[in-house]
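Start counting the sequence shown at 0; every next residue gets the next number (numbering that gives the first Met the number 0).
What follows is a set of notes on a single structure, which appears directly below.
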Amino acid sequence: MSQGPLMPKATAVWLVENTSLSFEQIADFCKLHPLEVKGIADGEVAAGIKGLDPITTGQLTREEIEKAQGNPDHRLKIAESRVKLPEQKRVKKGPRYTPVSRRHDRPNAILWLVRNHPELKDAQIMRLVGTTKTTIQQVRERTHWNSASLAPMDPVTLGLCSQIDLDFEVQRAAKDRPHVEVQETGGTLMPAEVSTAPERRDDPFADMSRPKPVEEEKIDVNSVFAKLKQLRRADDEDEE
0 MSQGPLMPKA TAVWLVENTS LSFEQIADFC KLHPLEVKGI ADGEVAAGIK GLDPITTGQL
60 TREEIEKAQG NPDHRLKIAE SRVKLPEQKR VKKGPRYTPV SRRHDRPNAI LWLVRNHPEL
120 KDAQIMRLVG TTKTTIQQVR ERTHWNSASL APMDPVTLGL CSQIDLDFEV QRAAKDRPHV
180 EVQETGGTLM PAEVSTAPER RDDPFADMSR PKPVEEEKID VNSVFAKLKQ LRRADDEDEE
């Protein structure tokens, strides 16, 4: 995606007023919608915006505009800056700046972080609260000059850091911690079918003199009812 002008609407106002470019050409260069450019031409959009000359600001050349006016299919290209700015070196960020009105709350926030997130390193606490390593050590060892009156307080509620920054540091510390294997839990209770089942003896050297348990015979329901009918008939005949 090509880079647009610095002030797109002001540039579009100037191009509408001073050139014969089509709405599509101006919209493509200024990264606007063609209907928005049409509204600028009708005076419905950007009524109080003063036009910005892209030629004097070095964003367009006169030759580029004339070329686009002669060819409706030509798309304007932003001019390359002749002045090359030196690349800025990244400055290493120091401790977070803490307002003067909040600096007295930093030991309370440190105490809260030490108690609730012991996995955080001193460098992470320094980034969150904007304190020094010496202060963190004094709070940990209870040697701070105000240790008697310190109370753990959430640094997010104190306004010392955001919840996103705190969650990021906590997740980062959790990744650095060694993985702890989950211990296996104890055995569960056996099902009733297994615990109440009779003990099976498959020992080949068991005492053969003991009588084997007699297996119960399966009862045939039809034969039982047939015998009952025969007995009932015999009783009827005896009564006669």
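Think of the CB as a built atom: it goes at the ideal place given N, C-alpha and C, for glycine as much as any other residue.
Check, Outcome
"Please tell me whether residue 160 and residue 119 are closer than 7 Å, where the distance is taken between their beta carbons.", "no"
"What whole-angstrom Cβ distance do residue 130 and residue 105 have, given they're in contact under 8 Å?", "5 Å"
"Report the residue from 25, 21, 134 whose alpha carbon sits nearest the alpha carbon of residue 9.", "25"
"Should the stretch 33 to 41 be called in touch with the stretch 69 to 78, which here means at least 3 C-beta pairs below 8 Å?", "no"
"Compare the Cα-Cα distances from residue 150 to each of 66, 113, 12, 30 and report the closest residue.", "113"
"State the start and end residues of the unbroken alpha helix (DSSP H) segment that holds residue 66.", "61 to 69"
"Give the secondary structure of residue 52 by DSSP, where H, G and I count as helix, E and B as strand, and everything else as coil.", "coil"
"Taking buried to mean at least 16 other C-beta atoms within 10 Å of its own C-beta, is residue 108 buried or exposed?", "buried"
"Where in the stretch 120 to 187 do unbroken runs of the alpha helix (DSSP H), each at least 4 residues long, occur, reported from the N-terminal end onward?", "121 to 128, 132 to 139, 154 to 157, 162 to 175"
"Should residue 137 and residue 143 be called a contact, given that it needs their Cβ atoms to be closer than 7 Å?", "yes"
"Verify whether the separation of the beta carbon atoms of residue 12 and residue 45 is less than 7 Å.", "yes"
"Determine, using beta carbons only, whether residue 18 and residue 64 come nearer to each other than 7 Å.", "yes"
"Give me, in chain order, the residues of the same chain whose beta-carbon lies closer than 6 Å to that of residue 27; leave out the 5 immediate sequence neighbours on both sides.", "74"
"Could you please give the first and the last residue of the uninterrupted alpha helix (DSSP H) stretch that includes residue 24?", "22 to 29"
"Could you check the C-alpha separation between residue 102 and residue 6 for me, to the nearest Å?", "41 Å"
"Put residue 58 into one of helix, strand or coil per three-state DSSP.", "coil"
"Looking only at its chain, what residues have a beta carbon closer than 7 Å to the beta carbon of residue 139, apart from the 5 residues adjacent to it on each side?", "113"
"Under 7 Å between the Cβ atoms of residue 23 and residue 50?", "no"
"Residues in its own chain within less than 7 Å of residue 52 by CB, not counting five upstream and five downstream?", "13"
"Give me the Cα-Cα distance between residue 134 and residue 156, rounded to the nearest whole angstrom.", "20 Å"
"Pick helix, strand or coil for residue 222, following the three-state DSSP scheme.", "helix"
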